[in-house]
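A.B. asks: I have a structure here, written as structure tokens, and I will follow up with some questions on it.
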Amino acid sequence: MTVSLEQLRRCHVAVDLGAARTRVFVKGAGLVVDEPSVAAVNTRSGALIAVGALAEQMTGRTPDYIRVTRPVSGGTVVDIDMAQRMLRHLLGEKLRRQLRRKPRLRAAACTPHDSDPLAQRAAIETLVGLGARRVELVDTLIAAAVGCGLPVEKPTATMIMVCGAATTQVAVLSLGSIVTAQRVPVGGNAIDHAVIQHLRHQHELMLPSQSVRPLQLALRGNGITSDGPTSTEIHGRDVATGLARSVVVDTAAVRQAIHTPLTAVLDGIGKVLRDCPPDLVADLADTGIMMVGGSALLPGLDQMLRDATGMPVEIAERPDVCAILGLGAMLDGKIQPLVLNPLAHAE
Numbered sequence: 001m002t003v004s005l006e007q008l009r010r011c012h013v014a015v016d017l018g019a020a021r022t023r024v025f026v027k028g029a030g031l032v033v034d035e036p037s038v039a040a041v042n043t044r045s046g047a048l049i050a051v052g053a054l055a056e057q058m059t060g061r062t063p064d065y066i067r068v069t070r071p072v073s074g075g076t077v078v079d080i081d082m083a084q085r086m087l088r089h090l091l092g093e094k095l096r097r098q099l100r101r102k103p104r105l106r107a108a109a110c111t112p113h114d115s116d117p118l119a120q121r122a123a124i125e126t127l128v129g130l131g132a133r134r135v136e137l138v139d140t141l142i143a144a145a146v147g148c149g150l151p152v153e154k155p156t157a158t159m160i161m162v163c164g165a166a167t168t169q170v171a172v173l174s175l176g177s178i179v180t181a182q183r184v185p186v187g188g189n190a191i192d193h194a195v196i197q198h199l200r201h202q203h204e205l206m207l208p209s210q211s212v213r214p215l216q217l218a219l220r221g222n223g224i225t226s227d228g229p230t231s232t233e234i235h236g237r238d239v240a241t242g243l244a245r246s247v248v249v250d251t252a253a254v255r256q257a258i259h260t261p262l263t264a265v266l267d268g269i270g271k272v273l274r275d276c277p278p279d280l281v282a283d284l285a286d287t288g289i290m291m292v293g294g295s296a297l298l299p300g301l302d303q304m305l306r307d308a309t310g311m312p313v314e315i316a317e318r319p320d321v322c323a324i325l326g327l328g329a330m331l332d333g334k335i336q337p338l339v340l341n342p343l344a345h346a347e
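In full-length UniProt numbering, the protein residues as written are 1 to 347.
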């Protein structure tokens with residue numbers, strides 16, 4: 001684990017800054033913020049106009065002097081100042097006043113596996129700007145595994161797959177630590193982008209940016225599996241004329257379009273299994289893969305993984321909030337560490 005459980009118990013607030021959503025857990029109050037990681041700014045005055053869900057609704061609908069920005073990309077803060085302003089507004093004045101009363105405010109944050117020192121520094125700077133005197137960093141894979149109830153502290157293998165908007169992280173855990181892990185720069189956004197490009201090139205159709213997720217739109221029913229409907233009707237804008245138009249799309253062609261990004265995810269799983277000790281791989285034949293993250297709910301993704309790996313695949317009960325709930329459980333002291341005392345040598 002990146003940081004000891006004892007240090008985490010002293011923290012007052014936990015933050016999960018994701019590419020898609022920002023979540024904040026306050027000790028004693030639970031999950032207080034779960035909003036999109038989006039901010040709208042007036043470029044003339046520099047004033048913040050909206051954050052969260054309202055800012056996301058503005059995407060693609062703003063005049064030229066209003067810019068909609070995402071200060072977090074791939075689990076990494078790319079604009080520290082904007083991330084701080086967004087967090088302040090999401091927390092609200094009342095909650096910020098409560099946190100300011102803490103004499104030495106401590107915060108915890110999720111960071112992607114193998115994040116570079118600059119990315120870690122950006123996460124720390126963002127929370128220090130909110131008044132935190134000390135910031136503890138926890139690997140997202142550990143936090144998500146705790147949040148979905150996996151027995152991470154036991155000497156058996158548990159495999160977790162965090163399906164984010166920008167990245168997919170796969171790891172095998174044992175004895176409370178990561179044995180082997182892989183981060184693939186492919187997430188739900190890449191899959192949606194593949195569907196959008198397919199519709200644009202094959203049908204000359206553009207989807208509105210705020211439509212329901214393109215994959216769920218194109219693959220109703222069983223989604224990625226071939227058991228679903230053979231075709232579906234999609235409404236959008238004609239590329240040439242700009243007029244509204246509907247097309248009937250062959251779902252088999254859409255499945256083929258998203259095959260490339262999904263292959264990269266399967267390659268990541270294969271690499272993790274190849275690097276894993278044989279004893280732990282034997283455990284995984286029974287325990288299988290636990291899927292968490294917002295993109296875990298993509299239709300048919302779990303079935304595709306079952307077919308490709310031959311292992312059981314489960315989706316967590318609340319996959320989108322597992323990481324922040326796991327971090328919150330560590331803050332509340334609900335997780336007991338496995339005590340490994342050195343054996344006393346017999347004289």
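Don't be surprised by glycine CBs; every beta carbon is placed ideally from N, CA and C.
Would a C-beta distance cut-off of 8 Å place cysteine 110 and alanine 316 closer than the cut-off?
C.D. replies: Counting from 1 along the sequence shown, the entry for residue 110 is found at position 110. Counting from 1 along the sequence shown, the entry for residue 316 is found at position 316. Not in contact: cysteine 110 and alanine 316 (Cβ atoms no closer than 8 Å).
A.B. asks: Return helix, strand or coil for valine 78, following the three-state DSSP convention.
C.D. replies: In the sequence shown, counting from the first residue as 1, residue 78 sits at position 78. In the structure shown, valine 78 sits in coil (DSSP, three-state: anything other than H, G, I, E or B).
A.B. asks: Beta-carbon within less than 6 Å of leucine 31's beta-carbon, same chain only, minus the 5 sequence neighbours each way: which residues are those?
C.D. replies: Residue mapping note: residue 31 aligns to position 31 of the sequence shown, counting from 1. Around leucine 31: Phe25.
A.B. asks: When the Cα atoms are used, what is the spatial distance from isoleucine 289 to leucine 137?
C.D. replies: On the sequence shown, residue 289 is found 289 positions in, with the first residue counted as 1. On the sequence shown, residue 137 is found 137 positions in, with the first residue counted as 1. For isoleucine 289 and leucine 137, the distance between alpha carbons rounds to 25 Å.
A.B. asks: Can you grab the Cα-Cα spacing for the pair glutamine 11 / methionine 291, in whole Å?
C.D. replies: Counted from its first residue, the sequence shown places residue 11 at position 11. Counted from its first residue, the sequence shown places residue 291 at position 291. Checking the sequence, you will find cysteine at residue 11 rather than glutamine. Cα to Cα, cysteine 11 sits roughly 27 Å from methionine 291.
A.B. asks: Is the beta carbon of glutamine 169 closer than 8 Å to that of histidine 113?
C.D. replies: By 1-based counting over the sequence shown, the position of residue 113 is 113. By 1-based counting over the sequence shown, the position of residue 169 is 169. Their beta carbons are under 8 Å apart, which means histidine 113 touches glutamine 169 by this criterion.
A.B. asks: Enumerate in chain order the residues of its own chain whose CB-to-CB distance from isoleucine 178 is below 8 Å, with the five nearest sequence positions on each side excluded.
C.D. replies: As a first step, residue 178 must be located in the sequence shown, where it is residue number 178. Result list for isoleucine 178: His113, Asp139, Leu141, Ile142, Ala171, Val172, in chain order.
A.B. asks: What is the rounded straight-line gap between the Cα of glutamine 57 and the Cα of alanine 308?
C.D. replies: The residue labelled residue 57 in the question sits at position 57 within the sequence shown. The residue labelled residue 308 in the question sits at position 308 within the sequence shown. If I take the Cα positions, the gap works out to 37 Å.
A.B. asks: Go to residue 407, then tell me how far its beta strand (DSSP E) extends in each direction, as first and last residue.
C.D. replies: Look at the range of the chain in this structure, 1 to 347, and you will see that residue 407 is not part of it.
A.B. asks: Compare the C-alpha of alanine 123 against each of Ala181, Ser73, His89, Val146 and name the closest.
C.D. replies: The residue labelled residue 123 in the question sits at position 123 within the sequence shown. Of Ala181, Ser73, His89, Val146, the residue nearest in Cα terms is Ser73.
A.B. asks: In the structure shown, what three-state DSSP assignment does serine 115 receive?
C.D. replies: For this step, residue 115 is matched to residue 115 along the sequence shown. Coil, per DSSP.
A.B. asks: Per DSSP, what kind of secondary structure is glutamate 6 in: helix, strand or coil?
C.D. replies: Working through the sequence shown from its first residue, we reach residue 6 at position 6. Helix, per DSSP.
A.B. asks: Taking all protein chains shown into account, do 16 or more other C-beta atoms lie within 10 angstroms of the C-beta of alanine 344, making it buried, or fewer, making it exposed?
C.D. replies: Indexing the sequence shown from 1 puts residue 344 at position 344. The predicted model places alanine 344 with a pLDDT of 48, which falls under 50 and marks its position as unreliable; any figure quoted below should be read in that light. Exposed.
A.B. asks: What do you reckon, are the CB atoms on glutamate 35 and leucine 90 nearer than 8 Å?
C.D. replies: Taking the sequence shown and counting its residues from 1, one reaches residue 35 at position 35. Taking the sequence shown and counting its residues from 1, one reaches residue 90 at position 90. Result yes, Cβ atoms of glutamate 35 and leucine 90 sit closer than 8 Å.
A.B. asks: Using only alpha-carbon positions, find the residue among Val15, Gly28, Glu93, Ala47 that is nearest to glycine 333.
C.D. replies: Here residue 333 refers to the residue found at position 333 of the sequence shown. Ranking the options by Cα distance to glycine 333, first place goes to Gly28.
A.B. asks: Find the nearest neighbour of valine 38 within the set Ser45, Ala14, Val13, Arg88, judged by alpha-carbon distance.
C.D. replies: If you number the sequence shown from 1, residue 38 lands on position 38. The shortest C-alpha separation from valine 38 is found at Arg88.
A.B. asks: Can we say the stretch 175 to 193 touches the stretch 267 to 282, given the rule of at least three CB pairs closer than 8 Å?
C.D. replies: Yes: at least three Cβ pairs fall under 8 Å.
A.B. asks: Grab me the residues of threonine 76's own chain with a C-beta within less than 6 Å of its C-beta, minus the 5 sequence neighbours each way, in chain order.
C.D. replies: Here the question's residue 76 lines up with position 76 in the sequence shown. Hits under 6 Å: Ala119.
A.B. asks: Can alanine 132 and leucine 280 be called in contact, C-beta distance under 8 Å?
C.D. replies: Walking along the sequence shown from the start, residue 132 turns up at place 132. Walking along the sequence shown from the start, residue 280 turns up at place 280. No, the pair does not count as a contact, with Cβ atoms beyond the cut-off.
A.B. asks: May I ask you to list the residues that DSSP assigns as paired with cysteine 163?
C.D. replies: To locate residue 163, count along the sequence shown from 1; it is residue 163. Beta-bridge pairing links cysteine 163 to Thr168.
A.B. asks: What's the gap between the Cα of arginine 104 and the Cα of valine 321?
C.D. replies: Taking the first residue of the sequence shown as 1, we reach residue 104 at position 104. Taking the first residue of the sequence shown as 1, we reach residue 321 at position 321. Spanning the two alpha carbons is a distance of roughly 27 Å.
A.B. asks: Taking only the alpha-carbon atoms, compute the straight-line gap between threonine 241 and valine 13 and give it to the nearest angstrom.
C.D. replies: Looking up residue 241 in the sequence shown gives position 241. Looking up residue 13 in the sequence shown gives position 13. If you take the alpha carbons of threonine 241 and valine 13, they lie about 51 Å apart.
A.B. asks: Give the range of the beta strand (DSSP E) segment to which proline 278 is assigned.
C.D. replies: As a first step, residue 278 is located in the sequence shown; it is residue number 278 there, counting from the start. Here proline 278 belongs to no beta strand (DSSP E); instead the alpha helix (DSSP H) covers 278 to 287.
A.B. asks: Three-state secondary structure (DSSP) at leucine 130?
C.D. replies: Working through the sequence shown from its first residue, we reach residue 130 at position 130. Three-state result, leucine 130: coil.
A.B. asks: How would you write the range of the alpha helix (DSSP H) that aspartate 267 sits in, first residue to last?
C.D. replies: Along the sequence shown, read from residue 1 onward, the residue named residue 267 stands at position 267. From DSSP, the alpha helix (DSSP H) with aspartate 267 extends over 259 to 275.
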